[in-house]
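Here the structure comes first, spelled out in structure tokens, and everything after it is commentary.
2 protein chains.
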Amino acid sequence: MSDDQRAKEFTPRQHDVLECALSLLVAGGERVLTTARVARTANCSKESLYRWFGDREGLLAAMIAHQASKVRTFSDNGAPMDRVQFRAQLVGFAHDLLQVLGGDVSLALNRLAIGQASREESRLGQLLVEQGRRRIDEGAAALLEAGRRCQHIEFTDVDETYRTLYGLVVRDLHVRMLLGEDEIRKPKNFGEMAERAVDQFFALYGVQEKKRMGPRVRAV
Amino acid sequence: MSDDQRAKEFTPRQHDVLECALSLLVAGGERVLTTARVARTANCSKESLYRWFGDREGLLAAMIAHQASKVRTFSDNGAPMDRVQFRAQLVGFAHDLLQVLGGDVSLALNRLAIGQASREESRLGQLLVEQGRRRIDEGAAALLEAGRRCQHIEFTDVDETYRTLYGLVVRDLHVRMLLGEDEIRKPKNFGEMAERAVDQFFALYGVQEKKRMGPRVRAV
DNA sequence: CTCGAATAGTACCGTACGGTACGGTTCTGT
DNA sequence: ACAGAACCGTACCGTACGGTACTATTCGAG
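Those protein sequence lines, which keep their order, are chains A and B. In case it helps, our numbering puts the first sequence at residues 1 to 220. In case it helps, our numbering puts the second sequence at residues 1001 to 1220.
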């Protein structure tokens, strides 16, 4: 076998097919995502689909993995940040998070995985969380740790803190977008939302200038 | 027609059938929820199903409406509350919210509506939000207004404030439960979560004892 | 008791899907 | 140039679902 055929990667041809399947899923939902339609739209044969991905589940998993390979994350370069820079980073993260969660492909894949979650043997949901969310979470954790190192915020459990930030940013937007409320998907308001959420986050975890007489929050 | 046959209500027989359909949905997900299986499990005929509910969509909508009719809400009796009582009410609300969202029937119905949300003509998602969430939201709004009247918290926009409370309580739990993460559905931790969320909520919106020097949060 | 409406149970129909098989074509390594 | 693999397009199969039609049975009103 040739050297560029690694087991976990996809050939350019398969890459195109997966991209086409994603477009199909976004356009019409799971009902439209049949093996025959994917094959016809992508100008490939069903036999190739089954040889490449095993079965329909494998195709869906490959679509998730393929999409997850696109998102990139924040990396801590170790450089010090002043408070304005750190706040801007947080706002940027919040804005990106809202934009990613509200994206067409993300919503379609989440709907797909949630629809399959009732069957016990389906691991699509777990796959989506691990491959998609994990990267975002790690980037956010690195950002929070950097903020703590520069003494802009203080916390003990980075995971707890990140989850609070996530809740302040996303609230119930994700579920409502998943349910089909298109009115709230306008990214016009994402800016204000991100600003407000970061304000609230600093109110909870920000270090005061003189002493930390701010509200301390603890897990009971 | 007799007096107890109102147009929007269901007969006891239909009530039982809907209950049976809900059990079926919870047990096996949408794949199992076929008209034939519902009819067989409920000991009724498919013809009756179609006469009562029109088509499959109507049956699903009736299931949502039937389930929504069960949830009851907080009602403001106008009596004054001290701070401890108000905090207990908030914690109770948060705990109930987590328990409702994590319930089997709620998760199954949300998965169902989200799965159908890709089709444009399906209004199940909107129906679920209006009939299910609306009641909870109104109860929470009444509770928050009561807390403001008793000067335990302060805010300007009750909807904004409620959404923040929701985000602090739920975070990403709902979506992850929808995706099938059963580990986080243990209500054992719901108590701690509710306490922590209410602590954070008071840190953001609580009125200080002497003067309100607490963090003011506003929409930019 | 009789009649008619409502219902249970079943059979049926058209359609669509997942998965497999096969002939014809293109690509690739030697 | 040639052989073999990969691949496209299509046909095919078994199954299952949504919805309808029909018969037998139940049940309530007069």
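Heads up, the beta-carbon is just placed ideally off N, CA and C, and yes, glycines get one too.
- Taking the C-beta atoms as reference points, M1063/B is found nearer than 8 angstroms to A1021/B.
- The distance from the Cβ of L178/A to that of N110/A is about 6 angstroms, consistent with a contact at the 8 angstroms cut-off.
- Chain order gives the chain B residues near H174/A as D1172, H1174, V1175, where near means a beta carbon separation below 9 angstroms.
- Among the CB atoms of chain B, one or more fall inside 8 angstroms of the CB of A113/A.
- For V100/A, the closest C-alpha among the options H66/A, Y162/A, V71/A is that of V71/A.
- Chain-ordered, the chain A residues with CB closer than 8 angstroms to the CB of R1031/B read S118, R119.
- Here V1158/B is actually not in contact with L1173/B; their C-beta atoms are around 23 angstroms apart, not less than 8 angstroms.
- Rounded to whole angstroms, the gap between the alpha carbons of T34/A and R83/A is 51 angstroms.
- Taking the Cα of S1122/B as reference, the smallest distance to any Cα among R123/A, R31/A, G54/A is reached at R31/A.
- Put simply, the CB of E181/A is near chain B, with a gap under 8 angstroms to one of its CB atoms.
- Between Q1151/B and V1207/B, the gap from beta carbon to beta carbon is short of 8 angstroms.
- Per the C-alpha coordinates, the member of L1090/B, F1201/B, P1012/B positioned closest to I1136/B is L1090/B.
- Neighbours of Q89/A across chain B, judged by C-beta separation under 9 angstroms, do not exist; the nearest C-beta is about 17 angstroms away.
- Looking at the DSSP output, G1206/B shares a beta bridge with I1153/B.
- A residue is called buried when at least 16 other Cβ atoms come within 10 angstroms of its Cβ; D199/A meets this threshold and is buried.
- In this model, L1049/B and T1041/B are separated by some 12 angstroms (Cα to Cα).
- Shown here, K1186/B sits in coil according to DSSP, grouped into three states, outside any helix or strand.
- Residue state for L1127/B is assigned as helix, using DSSP reduced to three classes.
- Neighbours of L168/A in chain B, taken as residues at a C-beta separation under 8 angstroms, are given in chain order as T1164, G1167, L1168.
- For N1110/B, the uninterrupted alpha helix (DSSP H) run begins and ends at 1104–1116, by DSSP.
- DSSP places T1041/B within a helical segment (H, G or I) once states are collapsed to three.
- Take the alpha-carbon of L98/A and the one of V170/A: they are about 7 angstroms apart.
- The C-beta distance from D76/A to A142/A rounds to 4 angstroms, short enough to meet the 8 angstroms contact threshold.
- Under the DSSP assignment, P12/A falls in the alpha helix (DSSP H) whose first and last residues are 12–28.
- Just so you know, the alpha carbons of E160/A and L24/A end up roughly 37 angstroms apart.
- Around V1129/B, the beta-carbon contacts reaching into chain A at under 8 angstroms are R176, L179, E181.
- A distance below 8 angstroms separates the beta carbons of G180/A and G1125/B.
- Residue-level contact check: A108/A touches chain B, since one or more beta carbons of chain B fall below 8 angstroms from its beta carbon.
- The Cβ neighbour count for G1167/B, taken over all protein chains shown within 10 Å, is at least 16; the residue is labelled buried.
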